[in-house]
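Trainee:
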Amino acid sequence: MKLILNKLGLLLLPFAVAVMFPVHITVARELPASGAEREYTLDSCYVLAMENYPMIRQYGIIQKLGELSAKDALSAYVPQINLGGEAAYYSDVVAFPEKIEDLFSQFAGMDFEGLRNDQYKVALDINQAIWDGGYSGAKKAMAIADAEVSAMETATELYSLKSRVTEVYFGILTVGAMIEQSDIAAGILKDNEKMLEACVANGVAMESDLNVLKAEILATEQDRIRLAGAKDTYIRLLSLITGRPMDASTVFAVPEEKLYKEEYGEDEIHRYELALFDAHESSLDARRKMINSSVMPSFSLFAQGYYGYPGMNMFDDMLNYKWGLNGVVGIRFRWNISGLFTRKNHLAQLEQSSGSLELQRETFLFNNRLQQVQKNSEIEQMRVIMEQDEQIIGLRTSIRRASEARLNNGTITANDLVRDIAAETKARLDKSLHRLEYLQKIYEMKYIVND
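Mapping of the sequence shown onto the working numbering: residues 212 to 662, in sequence order.
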């Protein structure tokens, strides 16, 4: 039983880590009243955990932000309309020289005082871009690429949830196997207890031998209580992760043994991290296009109309103080030549970022291959171990039965029998745990490559 508790302590290590990441329960549809009404598989728990995880709602936010950013990028082709007004007092204004004013006064009898110092204007400006060198299109492509990067970052985080579900699910199965073997051991002990009670009553066995068995039965019951508590903890954790009601009566199916390859090519690895690298590369390409288009000239149409004083005909306004309507239309050409001096440096920075990104991709694939080799070795090792489990159980069972007969004949003590029962229990437990460990490593291999 001490061996069982030692293994249980190791199993609780990933649970302690998982508790560090609290999960909120979100139930989207009607649930059964009791966990006993549902049977769960590992694959179904994957789906439920994804649906329940709060980060899944981030996808909708990312999509909406991407749409808004793309629309904003094309706003340069939306007519720019500005309405404004102005009232000003000038210390000096346009006027004719004094000699010319005297000349007009003598011959034309007209007074040319010039423009007034107080001037007013209410103006409407309209600007319509015709071509901006492709900058708006590049900005839209960058907004879409950035949204894809955010989506892949979210997908990568969600994918890591799959590993947590696998650990917890197999934790439930492992503790369940321990409980099952503990019950088998308790049954064997109780059968021998009845046999010893008859022997003690007939005077062919000692009372101390019977007490040894009774003490071991009580110890086994205590171990079972601890194991049941550990299983309940795992079940409650999985219930939180999936957002579904689960209890001790809920059935958790043992996963099927899925086929896997010993080595996957780069094209066969479907991890979201690789898609994230691709999204980053697309974002860098969009930034290159933005830099190149930012140094291109732009053309736009413009129109301006205003009502106020003075107007465009200053000579007339110098003779008559009156407000009037004025307007102008045309085509405008702009070219930010200073961008040509920084373009090369900006592009060089992007090339360095692209090189760094490629190194990260190669590093990820390298580490992924190392994980594959290690996991394949572990799987093969478990296969070899499992081939011997049945043989060991047969031998341990034979030894235990022989000890029972010898105890019945009085040639050994109850301690010897308890030792042999514990050895048989360990052999049966090892078989169950080896099988579950083998399956878990296969699913871990599937996780490594996202197969």
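Even glycine gets a Cβ: it sits at the ideal position worked out from N, Cα and C.
Should Met-529 be labelled buried (16 or more other beta-carbon atoms within 10 Å of its own) or exposed?
Mentor: The residue in question, Met-529, is buried, as its Cβ has 16 or more Cβ neighbours within 10 Å.
Trainee: Below 8 Å on the Cβ atoms is my contact criterion, and I expect Asn-403 with Glu-615 to pass it. Report the Cβ-Cβ distance as a whole number of Å.
Mentor: Going by Cβ atoms, the distance from Asn-403 to Glu-615 rounds to 6 Å, so yes, they are a contact pair.
Trainee: As an exercise, report each continuous alpha helix (DSSP H) stretch of at least 4 residues that is fully enclosed by the stretch 426–454, in chain order.
Mentor: Entirely contained in the stretch 426–454, not one alpha helix (DSSP H) run reaches 4 residues.
Trainee: Would you give the residue range spanned by the beta strand (DSSP E) that Asn-293 belongs to?
Mentor: That run of the beta strand (DSSP E) goes 291–300.
Trainee: So, with DSSP's three-state summary, where would you put Lys-657?
Mentor: Residue state, collapsed to three classes: helix.
Trainee: Where does Thr-377 land, buried or exposed, given buried means 16+ other C-beta within 10 angstroms?
Mentor: Result: buried.
Trainee: Give me the Cα-Cα distance between Tyr-257 and Val-411, rounded to the nearest whole angstrom.
Mentor: Tyr-257 and Val-411: Cα-Cα distance of roughly 56 Å.
Trainee: If you draw a straight line from the C-alpha of Gly-398 to the C-alpha of Thr-461, how long is it?
Mentor: Gly-398 and Thr-461: Cα-Cα distance of roughly 24 Å.
Trainee: Can you tell which of Asp-329, Phe-513, Thr-574, Leu-644 has the C-alpha that lies nearest to the C-alpha of Arg-545?
Mentor: The candidate whose alpha carbon is nearest that of Arg-545 is Phe-513.
Trainee: Can you give me the start and stop residues for the beta strand (DSSP E) that Asp-329 sits inside?
Mentor: From DSSP, the beta strand (DSSP E) with Asp-329 extends over 329–342.
Trainee: Return the Cβ separation of Glu-250 and Ala-464 in integer angstroms, given the expectation that the two are a contact with Cβ distance under 8 Å.
Mentor: Confirmed, about 6 Å.
Trainee: Compare the C-alpha of Arg-580 against each of Arg-639, Val-660, Gly-440, Ile-502 and name the closest.
Mentor: Measuring from the Cα of Arg-580, the nearest candidate turns out to be Val-660.
Trainee: Candidates Gly-382, Phe-307, Lys-555: which alpha carbon is nearest Leu-253's?
Mentor: Nearest option by C-alpha distance: Gly-382.
Trainee: Helix, strand or coil for Arg-646, going by three-state DSSP, please let me know.
Mentor: Helix, per DSSP.
Trainee: Distance, Cα to Cα, Leu-242 vs Ser-374?
Mentor: Confidence is the limiting factor: at Leu-242 the pLDDT is only 40, short of 50, which leaves the residue's position unreliable, though a coordinate-based value still follows. Roughly 25 Å separates the two Cα atoms.
Trainee: Count the other CB atoms within 10 Å of the CB of Arg-612; is the residue buried (16 or more) or exposed (fewer)?
Mentor: Looking at its Cβ environment, which holds fewer than 16 other Cβ atoms inside 10 Å, Arg-612 is exposed.
Trainee: For Tyr-532 and Trp-342, I'd like the C-alpha separation in whole angstroms.
Mentor: For Tyr-532 and Trp-342, the distance between alpha carbons rounds to 42 Å.
Trainee: If we ignore side chains and look at the alpha-carbon of each, how far apart do Ser-347 and Ala-287 end up?
Mentor: Computed Cα separation, rounded: 7 Å.
Trainee: Is Asp-303 buried or exposed, if buried means 16 or more other CB atoms sit within 10 Å of its CB?
Mentor: Its Cβ having fewer than 16 others within 10 Å, Asp-303 is exposed.
Trainee: Throw me the rounded Cβ distance for the Gly-345 and Met-457 pair, which I believe falls under 8 Å.
Mentor: The pair is not a contact, with the Cβ atoms about 56 Å apart (cut-off 8 Å).
Trainee: Within the chosen definition, does the stretch 561–576 reach the stretch 479–495 through at least 3 CB pairs nearer than 8 Å?
Mentor: Yes, they touch.
Trainee: Taking buried to mean at least 16 other C-beta atoms within 10 Å of its own C-beta, is Arg-607 buried or exposed?
Mentor: Arg-607 is buried by the Cβ-count criterion.
Trainee: Taking the alpha-carbon positions, what's the Gln-602 to Glu-364 distance?
Mentor: Computed Cα separation, rounded: 49 Å.
Trainee: What would DSSP say about Glu-250, mapped onto helix, strand or coil?
Mentor: Glu-250: strand per DSSP, three-state reduction.
Trainee: Name the residue from Glu-262, Val-333, Lys-657, Arg-594 whose alpha carbon lies nearest to the alpha carbon of Gly-454.
Mentor: Checked all of Glu-262, Val-333, Lys-657, Arg-594; the closest Cα to Gly-454 is Glu-262.
Trainee: Is it the case that the stretch 331–338 contacts the stretch 518–526, given that we only count it when at least three CB pairs across the two stretches are under 8 Å?
Mentor: In short, these stretches touch, since the Cβ pair count reaches three.
Trainee: If we count the other Cβ atoms within 10 Å of its Cβ and call it buried at 16 or more, is Tyr-282 buried or exposed?
Mentor: Tyr is not the amino acid found at residue 282; the sequence shown has Lys there. Counting Cβ neighbours within 10 Å, Lys-282 comes out exposed, since fewer than 16 surround it.
Trainee: Looking at the secondary structure, which residues open and close the alpha helix (DSSP H) in which Asn-524 lies?
Mentor: No alpha helix (DSSP H) holds Asn-524; DSSP gives it neither H nor E.
Trainee: Determine the contact status of Gly-277 and Ala-358, defining contact as a CB-CB distance below 9 Å.
Mentor: Contact: yes.
Trainee: Pick helix, strand or coil for Ile-542, following the three-state DSSP scheme.
Mentor: Reduced to three states, the DSSP call for Ile-542 is strand.
Trainee: I'd like the list of long-range same chain contacts for Ser-681, defined as Cβ closer than 6 Å, with 5 residues on each side in sequence excluded.
Mentor: Absent from the structure is residue 681, since the part of the chain shown begins at 212 and ends at 662.
Trainee: I think Leu-407 touches Ala-625, with their Cβ atoms under 8 Å apart; what is that distance to the nearest whole Å?
Mentor: Indeed they touch by this definition, with Cβ atoms about 7 Å apart.
Trainee: Look at the alpha carbon of Leu-424 and the alpha carbon of Asp-627, and state the distance between them as a whole number of angstroms.
Mentor: Their backbone Cα atoms lie some 11 Å apart in a straight line.
Trainee: Helix, strand or coil for Leu-326, going by three-state DSSP, please let me know.
Mentor: It is coil, neither helix nor strand.
Trainee: Secondary structure at Ala-354, three-state DSSP: helix, strand or coil?
Mentor: In the structure shown, Ala-354 sits in a helix (DSSP, three-state: H, G or I).
Trainee: Does the Cβ of Leu-279 have 16 or more other Cβ atoms within 10 Å, making it buried, or fewer, making it exposed?
Mentor: Looking at its Cβ environment, which holds fewer than 16 other Cβ atoms inside 10 Å, Leu-279 is exposed.
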